[in-house]
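Take the position in the sequence shown, starting the count at 1, then add 6; the result is the number in this note's numbering. Below is one structure, written out as structure tokens; the observations come after it.
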Amino acid sequence: MKSAATNSIASFSALLFTSLAAHAEVTVSSLFSDHMVIQREQAAPVWGQAAPGEEVSVTLGTAQAKATTNAEGKWSVKLPAQKANATPQELVIQGKNTVAIKDVLVGDVWVCSGQSNMEMNLGGCNAPDDIKAADLPTLRRIKFQHVALLKPTMQVPGKWETCTPASAGGFTAVGFYFAKRIQQEIGVPIGLLDDNWGGCRIEPWIPAEGFALEPSLAPQLAELKARDEASKALPDNAPGDAGKPSTMYNGMLHCVVPFAIKGALWYQGESNGGEGDEYASKMRALIGGWRKIWQQGDFPFYYVQLANFQNASNDPAGGDGWAKHRMAQLESLSIPKTGMAVIIDVGEGPDIHPKNKFDVGERLARWALHHDYGQANLETSGPLFKEATFDGNKAIVSFTHTGTGLMVGKKNGRQPTEADHIGTLKRFAIAGDDKKWVWGQAVIDGDKVVITSPEVPHPVAVRYAFSMNPEGCNLYNKEGLPASPFRSDKW
């Protein structure tokens, strides 16, 4: 009989042989799977592993690239930029063996990230007709499972799938409506990286490179560095606290980089809802960090301002709940190549997950259609605060994004906004030097709004919809897009 030691040696030898043989096989990152979409009009990175020193060739249609693996067996190539192609092709990776990825399209790839309102799927939106009609073979997505890690991983927790009536109910609803509008207008294949986690804060999505950009976030960067030092001896797949800096980036986003993308969509903030200026710093860290690690320049980054939520307040001073958070989101528009979808009119009171994701996706799509798809005449946003001036008893507010004019509007579900010809503007408040806020009488005067109150003979500040749920706020442009909440003061 063989000794236990002999058996152990034999088992180890077999395991080692199997491991070496597996390592010799050419493999590609699991991000590359059947039904995927490759980004058009950009050099497209593809990467994987094989035996050290092995030559690997990658082919998609007429595009080809070659590489030789390094001492660790890693390889990467960049396929030449290609035009959009809705005809399925094979992505072929060849070394000593061949890997074929089937049904590959070339189009635009958008990251869809954030928390539950981005993760909320079409099946949860009372949209049976949209699901039934979702036979969209050139719309694809890869859904990332929830993984939070102490160290960055290249393991991809998901597979690509095609949008059909059977699968559409699982798609991010915001991403679905965004992509559907883009396809209606432009016709290119769209791939969605459905990469989100309900209830998450923003910090877990920010890479170390992002924290390093913002001096105010030095404590988070120090925490991250201390954690990295302490976790050196841990395995690469060691789980991390999903509330801590960079853990979701490590587990769910690092594996995507440097996959070529068109841009990113972001719907998050509820879990950071009590913040103000500090959230603007975190947005700069998130966007700057993603752009730095992706090395694709300032790619488009479009995000959603939080909707109205909970019970309405009648306090003209406002400032409750998410009011200051929305100001930080408004401030984040100063970051280059960003856009914000205002949805202050689609909330559902006590429900933190409003089911109308149609308007959210449509409003995000407007930014992309205007800036990235050549529709220069399309209005991207509702009125955004520009400045307030004061003349006697009048507060005079001017805006950008007035479109073809301002109007009092009314919105009913997914129906287009209608002009309310007999209604009056609501949710404008003014204050004098005494800092006592009162509701004002607001009227549209050309492309401006003029606010007065007999209680404030000399106003010095104005606020609009500056509360958790500014029920009844109704300033729109004639394109049917709502004005963002704003404040002129820093009190």
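Glycine is no exception: its CB is placed at the ideal position from the N, C-alpha and C atoms.
The beta strand (DSSP E) with residue i in it runs from where to where?
i, result
"P143", "142-149"
"Q95", "91-100"
"K416", "412-416"
"G113", "104-120"
"M474", "Taken as a continuous stretch (DSSP letters only), M474 belongs to no beta strand (DSSP E), as it is neither H nor E."
"D397", "390-397"
"P51", "50-55"
"D283", "Run containing D283: none in the beta strand (DSSP E); it sits in the alpha helix (DSSP H), 283-300."
"K454", "454-458"
"L199", "196-200"
"Q70", "69-74"
"Q381", "First-last for Q381: undefined, no H or E at that position."
"G269", "269-273"
"D451", "447-451"
"I436", "434-437"
"M346", "344-347"
"C206", "It is not in any beta strand (DSSP E) - C206 carries neither H nor E in the DSSP assignment."
Taking the CB atoms as reference points, tell me whether residue i and residue j lie closer together than 8 Å.
i, j, result
"P195", "E229", "no"
"I148", "A374", "no"
"M413", "N483", "yes"
"K268", "V115", "yes"
"T458", "N399", "yes"
"G503", "S319", "What is shown of the chain runs 7 to 497, which leaves residue 503 out entirely."
"S39", "W53", "no"
"R420", "A471", "no"
"P241", "I299", "no"
"A140", "A92", "no"
"T408", "D453", "yes"
"V262", "L199", "yes"
"G67", "Q95", "yes"
"A101", "V43", "The question names Ala, but residue 101 is Gly in the sequence shown. Contact flag unset, no."
"G429", "K416", "yes"
"H331", "G275", "yes"
"G279", "G353", "no"
"W445", "A437", "no"
"E235", "Y379", "no"
"V105", "V366", "no"
"S82", "A69", "no"
"A371", "P465", "no"
Using CA coordinates, which residue listed in the options is at the minimum distance from residue i?
i, options, result
"F364", "M413, G325, P422", "P422"
"A244", "R146, A394, L156", "L156"
"R493", "E485, Y482, R469", "R469"
"I107", "H41, S63, T74, W53", "H41"
"N362", "F182, V105, K80, G101", "F182"
"T386", "P488, A437, I428, S63", "P488"
"F184", "I212, E461, V162, A347", "A347"
"D201", "G446, G415, W272", "W272"
"P356", "F315, N320, R332", "F315"
"Q447", "A435, R369, D453", "A435"
"V64", "L97, G79, K102, I44", "L97"
"L259", "Q190, R46, V153", "V153"
"I350", "E220, A218, T178, S473", "S473"
"E209", "M289, V180, G353", "M289"
"A71", "G79, Q55, A90, A50", "A50"
"L336", "D283, G294, Q301", "D283"
"Q151", "K231, P134, L37", "L37"
"G478", "P460, H464, D426", "D426"
"N103", "L339, A30, A329", "A30"
Compute the beta-carbon to beta-carbon distance between residue i and residue j, rounded to the nearest angstrom, for a pair I have assumed lies under 8 Å.
i, j, result
"G216", "A291", "4 Å"
"S119", "H359", "S119 to H359, Cβ: 17 Å. No contact."
"D440", "A467", "Not confirmed; about 11 Å, so no contact."
"W203", "M254", "6 Å"
"L431", "V455", "7 Å"
"A77", "R46", "Going by Cβ atoms, the distance from A77 to R46 rounds to 34 Å, so no, they are not a contact pair."
Which first and last residues belong to the alpha helix (DSSP H) in which residue i is found?
i, result
"Y183", "179-192"
"S404", "Careful: S404 lies outside any alpha helix (DSSP H), inside the beta strand (DSSP E) at 400-406."
"D365", "364-377"
"A87", "First-last for A87: undefined, no H or E at that position."
"Q335", "329-337"
"L499", "The question about residue 499 has no answer here: the residues shown for the chain are numbered 7 through 497."
"F217", "214-217"
"I44", "I44 -> not in any alpha helix (DSSP H); beta strand (DSSP E) instead, spanning 43-45."
"I137", "134-138"
Is it the case that the CB of residue i approaches a heavy atom of the ligand PLP more closely than 7 Å?
i, result
"C169", "This structure simply doesn't include the ligand PLP, nor any ligand for that matter."
- Message: Would the segment 220-238 count as touching the segment 300-315 if we require 3 or more Cβ pairs under 8 Å?
- Response: no
- Message: Pairs of beta-carbons, one from the segment 55-67 and one from the segment 129-145, closer than 8 Å: are there three or more?
- Response: No contact exists between the segment 55-67 and the segment 129-145.
- Segment contact, 8 Å Cβ cut-off, at least three pairs: the segment 157-171 with the segment 82-94: no
- Should the segment 476-488 be regarded as contacting the segment 377-392, the criterion being three or more beta carbon pairs within less than 8 Å? yes
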